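**Q** First the structure, which I've put down as structure tokens, then a few questions once you've had a look.
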Amino acid sequence: MLTDLFKRIKATPFTGKRRLVALVGAPASGKSTLAEALAQMDPSIQVVPMDGFHLDNSILSERGILHRKGAPETFDAAGFVHLVRRLRTEDGVVFPHFDRSRDQSIAGAGAVRPETETILVEGNYLMLDIAPWQKLAPLWDLSVKIDVPLAVLRQRLLQRWTDHGYTQAEAAGKADGNDLPNATFVLENSLHCDVVVTADQVTDAPPSPPTPTHKVE
39 MLTDLFKRIK ATPFTGKRRL VALVGAPASG KSTLAEALAQ MDPSIQVVPM DGFHLDNSIL
99 SERGILHRKG APETFDAAGF VHLVRRLRTE DGVVFPHFDR SRDQSIAGAG AVRPETETIL
159 VEGNYLMLDI APWQKLAPLW DLSVKIDVPL AVLRQRLLQR WTDHGYTQAE AAGKADGNDL
219 PNATFVLENS LHCDVVVTAD QVTDAPPSPP TPTHKVE
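Just so we're aligned, residue 39 is where the sequence shown starts under this note's numbering, counting upward by one.
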């Protein structure tokens with residue numbers, strides 16, 4: 039599967055400075071794993087994650103939505119759309135990363151390399167059909183959806199949260215109270231993607247480096 043998808047990506051024409059590919063999926067669907075595996079196959083491929091546009095916890099607390107972190111309204115969606123437009127047309131673009139160990143976005147932590155021909159943008163809401171996210175769909179040269187059953191997502195989410203130091207009960211609360219509703223929202227409100235891959239196919243990809251396992255409050 040990985041080789042076929044790689045060939046499909048490389049064969050996709052593009053009109054901007056570089057090819058933009060959306061890797062879309064629910065939380066814990068394997069977006070990062072797939073993106074990193076593809077990037078390892080060709081140095082002209084680079085990954086840009088949507089997670090760098092998480093709003094800071096202080097802002098989420100002020101708005102009363104810290105418990106919903108990861109939902110569409112907890113991102114700087116307009117800023118992200120602006121970045122994607124710049125990725126199509128500009129050189130030297132810098133972008134933020136999200137540090138899971140600190141639960142915090144870091145501005146200017148990444149930069150598009152001069153040799154980059156293809157950018158894999160990975161995130162939950164890249165094909166969402168609601169404002170302002172719907173402005174993204176026309177910007178992609180190719181869109182790839184990772185299709186994972188909700189039961190598998192729940193198992194992965196429980197493992198993710200316990201790996202970060204939460205108890206089983208706390209992990210279940212986070213998964214069932216926020217992550218899985220977000221996953222359902224993605225499934226019900228996203229536009230059709232050009233390519234669909236399954237959970238088993240993503241599992242076959244080489245794993246991405248593990249994230250730190252500190253408990254985040």
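Ideal Cβ placement from N, Cα and C applies to all residues, glycine included.
As the structure is a prediction and not an experimental result, all values here were calculated from the model.
Going by DSSP in three states, D270 sits in which element: helix, strand or coil?
**A** Not covered by the structure: residue 270. The range shown for the chain is 39 to 255.
**Q** Who pairs with G203 in a beta bridge, going by DSSP?
**A** What you label residue 203 is simply residue 165 of the sequence shown in a count that begins at 1. Its beta-bridge partners do not exist; DSSP assigns none.
**Q** Considering only their Cβ atoms, is the gap separating A73 from E155 smaller than 8 Å?
**A** Translated into the one-based positions of the sequence shown, residue 155 becomes position 117. Translated into the one-based positions of the sequence shown, residue 73 becomes position 35. Cβ atoms of E155 and A73: not closer than 8 Å.
**Q** Applying the criterion that 16 or more other CB atoms from any shown protein chain within 10 Å of the CB defines a buried residue, is T41 buried or exposed?
**A** Looking up residue 41 in the sequence shown gives position 3. In summary, T41 is exposed, with fewer than 16 beta-carbon neighbours lying within 10 Å of its beta-carbon over all protein chains present.
**Q** For F52, which residues from the same chain have a beta carbon less than 6 Å from its beta carbon, with the 5 sequence-adjacent residues on both sides left out?
**A** Taking the sequence shown and counting its residues from 1, one reaches residue 52 at position 14. Around F52: D179.
**Q** Name the residue from I184, Q193, L158, D201 whose alpha carbon lies nearest to the alpha carbon of A60.
**A** One-based indexing of the sequence shown puts residue 60 at position 22. Nearest of I184, Q193, L158, D201 to A60, Cα basis: L158.
**Q** Less than 8 Å separating the beta-carbons of V122 and L76?
**A** Taking the sequence shown and counting its residues from 1, the one referred to as residue 122 is at position 84. Taking the sequence shown and counting its residues from 1, the one referred to as residue 76 is at position 38. In this structure, L76 does not lie closer than 8 Å to V122 by Cβ.
**Q** According to DSSP, what are the bridge partners of R192?
**A** As a position in the sequence shown, residue 192 is number 154, starting the count at 1. According to DSSP, which records beta bridges pairwise, R192 is partnered with nothing at all.
**Q** Taking all protein chains shown into account, do 16 or more other C-beta atoms lie within 10 angstroms of the C-beta of T20, making it buried, or fewer, making it exposed?
**A** The first residue shown for the chain is 39 and the last is 255, placing residue 20 beyond what the model contains.
**Q** For Q172, which residues does DSSP report across the bridge?
**A** Within the sequence shown, residue 172 is the residue found at index 134, counting from 1. Paired residue(s): none; Q172 is not in a bridge.
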